[in-house]
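Enquirer:
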Amino acid sequence: MIRVLTVTRLEESNCRMENRFGSFGVGGLLLMLALAAFMVVLPLMLPPLPPPPLMLLFFPVGIMAALMFLAFSPTEAAGNVVVHTV
13 MIRVLTVTRL
23 EESNCRMENR
33 FGSFGVGGLL
43 LMLALAAFMV
53 VLPLMLPPLP
63 PPPLMLLFFP
73 VGIMAALMFL
83 AFSPTEAAGN
93 VVVHTV
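Under our numbering, the first residue of the sequence shown is numbered 13, with each subsequent residue one higher.
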């Protein structure tokens with residue numbers, strides 16, 4: 013029985029060593045590194061862009077206001093709750 017537990021622990025440690033990047037695979041890690049490199053290099057190569065229109069700047073503020081409204085609005089779940097006791 014001790015031998016089986018030891019083998020299981022070795023297999024678990026091998027799985028941990030193979031997946032050392034967490035939940036990301038090697039391809040995902042390379043993709044994120046490439047995106048980070050593009051985000052550093054492209055602003056140096058591209059010309060300066062004009063500022064966006066004022067309405068486009070208020071778009072994230074509107075989304076945040078809608079989410080705050082939904083978060084603090086009362087729910088109707090209190091009238092629909094059914095409790096069963098066994």
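Glycine residues also receive a C-beta, built at the ideal position from the N, C-alpha and C atoms.
1. Per DSSP, what kind of secondary structure is Met13 in: helix, strand or coil?
2. Give the single residue among Phe50, Pro64, Pro72 whose Cα lies nearest to the Cα of Leu58.
3. Could you check the C-alpha separation between Val94 and Leu45 for me, to the nearest Å?
4. Helix, strand or coil: which one does DSSP assign to Val94?
Expert: Reading off the structure:
1. Working through the sequence shown from its first residue, we reach residue 13 at position 1. Unreliable positioning characterises Met13 in this predicted model, as indicated by a pLDDT of 49, which lies under 50. A coordinate reading is not provided.
2. The residue you call residue 58 lines up with position 46 of the sequence shown. Answer by Cα proximity: Phe50.
3. Working through the sequence shown from its first residue, we reach residue 94 at position 82. Working through the sequence shown from its first residue, we reach residue 45 at position 33. Those two C-alpha atoms are separated by around 50 Å.
4. Working through the sequence shown from its first residue, we reach residue 94 at position 82. Three-state result, Val94: coil.
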